[in-house]
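Residue numbers (my numbering), protein chains in the order written: chain Y, 10 to 624; chain G, 10 to 624.
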């Protein structure tokens, strides 16, 4: 086990090794942009699928919709540019919303983000599989398996730790930018040259009329293009100094690239009247039309797949870090704060990987089925974050604050409207799941916080405990009860320990099979004569409840205020499968005692005397 | 939970309620014969399926094969009649083989029986579903689900206890005998009347030639007709006095009924040249031909289904009882001896139900796929039991013993040859699975016995332990180490208990996050001043191994021969889900200590001081 773990994940790192390596702008673009850049893949696909039912008339709406989404993108980018200025130590939506709008808004943003991170991973991986399956159609049969395989690879890489992940990102991002932008440029040039010889694509006849609903659904679906745009604002401290300036510039470059990729591909798709033949993504059909079914086409598809897989990685930095922040604020179990062997938040990584795997399996590895769940959470977080920024400017004021406030307010309003459009138009397709899960998570956070607060109150030490502790002195006259199952060495050793502690020792035998009692009592008299033995009847053959009743009875008849202990002879087998061959009564009794509340004021101490069996 | 359990299974019964109700011959026939009588259903089906490939020529072999199997049946019945005389207290194959042939043979028989019981349940249930699905073809789509449903019902009935099961059996058995025998008689009469008007059934052309292999395979498949014949010999003590005489008579009546049902149905099937149309069992096709597709036909099918389901019940009396006997002989975990709430061997019932469910699921609820695994185990047990009887007569002698020996020897030889035929001719179809599992089970039995013997040796108390135990006196100068996670009431109460036991108390804090140590030490000095506190560094952030190293270090520096204990402050949450919110370090430490062998001769006692959190 250990060897395998070290091979896959690497040997443990000492705590002292935690130090940040700052990123240059080029590195930071690679680290923060994969999710944002790659989201054009599924956004395009979803717009196409939403409009195709309305035929050629429907598809002619894709460019206008693309323009509207790009406008939204510019607005959101500007909004987050301001967040970077205002929260140079990292302004995740949770922090911005919580600081400015209060706990519930903050937790709603956090919950929306956690859901969003999980869906980003699931959608990116399944869209990545779709990209490569468009080139090699046989792979469509293994959608789920491939997506889970990529998920496993990323999970392992992330469990190995941050340093390794950083270096792996650069290649896919710049490879994708080069191949995809190159293809778009080539496509534009050839389109304009061959404009006259454009093959007269047959008009696609609609199966339903183009309605406002369909247009809104296409807009809602396309909004997924914006996912990932907030990543840089969370990670400002990772930039080289001057952090704020560098982060801001990188954000603007990223947004520009997103806009070019999105509007360029959607424009060309409409201009060339691309319609996929058979099972194929719309971007694959576009690339095939521009480049032909050759090696160049395969390269573009591979680069799409790679950036989508790497995009899933964004979730692996965001989710565990947010979970740790929430745990530190006592909204999630404190296990999420622990750094694993490789100084990463292993528990957060495990949770994300499990939830993503579950989504992939439940939705059969189909990104189109997952997308309706997706955008609503992301846009909810956008909206809360922008709204928080509005309050921030109102409070903080500063240079040009009314203008900044206006930009964020406009952003909040636009993303808020988009959230509503997404929630309503895609409600029945899956948005309801996110709308159900997000508030449930918030309720969960609040209950967890409540538990931690209650616990802290209960275990708080008021005043100095020293005197109480030490005054106990060493003058115990404690009572010890030793449950026994027979006459053997384990029992003898346990009794020996009991008599070391006190002279008030009593053995207790629960009589499950009355036929065996006589032999036991005879044995006892022969080998352990003098040690008091109580035989407890058990007409219903159960072990625990007659024993507990006996303990209560003993407490009631010895109201001496002394410590009462149960001392258990515990045979410990040498191999795991040997446990199956024993009744494990010691374990059952321990569990029962541990969960038994104090009775008549007696605190029950449990003493375990292990007797190790050799093989 | 409790209410649901009481509703389904009934409230617990006190141990005193164990008493046997003796069965009359009529009741006993109902109790012991369902498996034997119902096995004609799948035996007929398997003979037909084995021969149909060889066309009409093949099918014309079914009657001769049926006669051969009936002859074997008579022989085996006579053999078991003798077992009843020789082992009036119940002569299961395990006991007969073990007593006369030794441990390995006994365990082989036991293992073959356990496999056989499981397969009886699986095959009977799936064949029962096939019987009813032949009438209502839509049910073919739910073969597995229906078989599992029936399995669940029988399991519940058996968990309720023996009294209830006994009364339920009579109806299906006599209902089946009446309806099926009635149909056969009616069939014979009408066949002889309408002999001249017999529709000229087209000859079925063969897909392969009729070879000796096919004939042997058909014979092997048909041998499943004998399964269940041994049931009465296991249960002699359940009969009213004179037990032996009554059991013997009942066995002969049962064997006669088996022979009539088997030879009658197979003869009519061949005479009427029955070939099922579509998905239908051969017996269903026979019934449909004789009676027409009417209510009478449905009644016959329902009665077949009922007796098959009840036949599965035979396994529920045999399997748990044999498991308990094996456990008493230390070949199976002693949990199988425990009587459950309702005075039945619940653990054996659970194991049988799980194994049967697994078989049904793995083989898709198809009895035809299960049968090849089946006969080999049953016939192996027959053979070992008969062989054991040969030795028995040789030793015991008595009235006419050479004749009795000859009968059993002939029976052993015949079933032995049948075992070989079955094992070889159906090896690749599934018999290999049984032939693999049976010896593996025997190996498992022997390893379990070995473990119990080794354990008994290790824990045996030699001589009188009294002096050693009492001389310990109450003069302990024990050392107690208290692992702490912070400064709180749980820790304070634990320290208080520690000082009650000894003055040599030391608290130990494992420093997982060095940033928190300073605050802890300050708190400690303020609230628990005077209690020694060790801060144990943990560069790799693990809790257990630095703590264990510290304990070893303490032992090494205190070679005082005194008792060493670890005392754990244990916060016990009020609700199960609260456990997820705590690190459960006390549980982890307890587990690690329990499995740690003695170090440098120090026995490590574990003391648990629970601190109960309220909600």
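From the three backbone atoms N, C-alpha and C, an ideal C-beta is built for every residue, glycine too.
Taking 8 Å as the threshold, the shortest C-beta distance from residue 499 of chain G to chain Y falls below it.
Under the three-pair Cβ rule at 8 Å, the segment 251-263 of chain G does not count as touching the segment 176-192 of chain G. In this structure, residue 317 of chain Y lies near residue 136 of chain Y, with their beta-carbon atoms less than 8 Å apart. The beta carbon of residue 614 of chain Y sits closer than 8 Å to some beta carbon of chain G. The segment 447-460 of chain Y makes contact with the segment 119-128 of chain Y, as at least three CB pairs between them are under 8 Å. Between residue 470 of chain G and residue 501 of chain Y, the C-beta spacing is below 8 Å. Within the segment 378-464 of chain G, the runs of alpha helix (DSSP H) at least 4 residues long that lie entirely inside it are, in chain order, 410-434. Contact annotation for residue 579 of chain Y against chain G: 603 [CB-CB distance below 8 Å, chain order]. For residue 578 of chain Y, the enclosing beta strand (DSSP E) stretches over residues 573-581. Inclusion of residue 329 of chain G and residue 361 of chain G in the CB contact set at 8 Å is warranted, their separation being smaller than that value.
Short of 7 Å from the beta carbon of residue 376 of chain Y, and not among the five residues preceding or following it, lie these beta carbons of its own chain, in chain order: 51, 132, 135, 136 and 139.
Across the structure, residue 441 of chain G and residue 432 of chain G are spaced so that their CA atoms are roughly 8 Å apart. Of the residues G:43, G:145, G:578 and G:593, the one whose Cα lies closest to the Cα of residue 130 of chain G is G:43. Here residue 527 of chain Y carries a helix assignment [DSSP, helix/strand/coil]. Across the segment 518-550 of chain G, CB contacts with chain Y closer than 9 Å involve 521, 522, 523, 532, 535, 536, 537, 538, 539, 540, 547, 548, 549 and 550, in sequence order along the chain.
Annotation for residue 542 of chain G: the continuous beta strand (DSSP E) segment containing it runs 542-546. Within chain G, no residue has its CB atom less than 7 Å from the CB of residue 333 of chain Y, the nearest being about 12 Å off. Under the Cβ distance rule, residue 617 of chain G counts among the residues neighbouring chain Y, one pair being separated by less than 8 Å.
For residue 468 of chain Y, the chain G residues whose C-beta falls within less than 8 Å of its own C-beta are 497, 498, 499, 580, 620 and 622, listed in chain order. When secondary structure is reduced to three states using DSSP, residue 258 of chain G falls in the helix class. The Cβ atoms of residue 39 of chain G and residue 178 of chain G sit closer than 8 Å to each other.
Interface with chain Y (8 Å Cβ-Cβ cutoff): residue 350 of chain G is included. When Cβ-Cβ separations below 8 Å define contact, residue 307 of chain Y makes no contact with chain G. When DSSP states are grouped into helix, strand and coil, residue 289 of chain Y belongs to the coil group. Three or more Cβ pairs drawn from the segment 587-604 of chain Y and the segment 340-348 of chain G lie within less than 8 Å of each other, which places the two stretches in contact. Residue 154 of chain G: member of the alpha helix (DSSP H) spanning 152-169, first to last residue. Only residues of its own chain outside the window of five on either side were considered, and among them 519, 520, 521 and 555 have a CB closer than 7 Å to the CB of residue 547 of chain Y, listed in chain order.
Going by C-alpha positions, residue 490 of chain Y is about 20 Å away from residue 550 of chain Y. Positions of the alpha helix (DSSP H) runs, each at least 4 residues long and wholly inside the segment 85-115 of chain G, are given as 102-110 in order along the chain. For residue 496 of chain G, no beta strand (DSSP E) encloses it, and the DSSP letter there is neither H nor E. Residue 599 of chain G carries a helical assignment under DSSP once its states are collapsed to helix, strand and coil. The alpha-carbon separation between residue 395 of chain Y and residue 160 of chain G amounts to approximately 60 Å. If you check each beta-carbon in the segment 450-468 of chain Y against every beta-carbon of chain G, the ones closer than 8 Å belong to 457, 460, 461, 463, 464, 467 and 468. Contact with chain G is found for residue 473 of chain Y, since one of that chain's Cβ atoms lies less than 8 Å from the residue's Cβ. Rounded to the nearest angstrom, the Cβ distance from residue 357 of chain G to residue 320 of chain G is 18 Å, too far for a contact under 8 Å. Beta-bridge pairing by DSSP links residue 32 of chain Y to Y:248.
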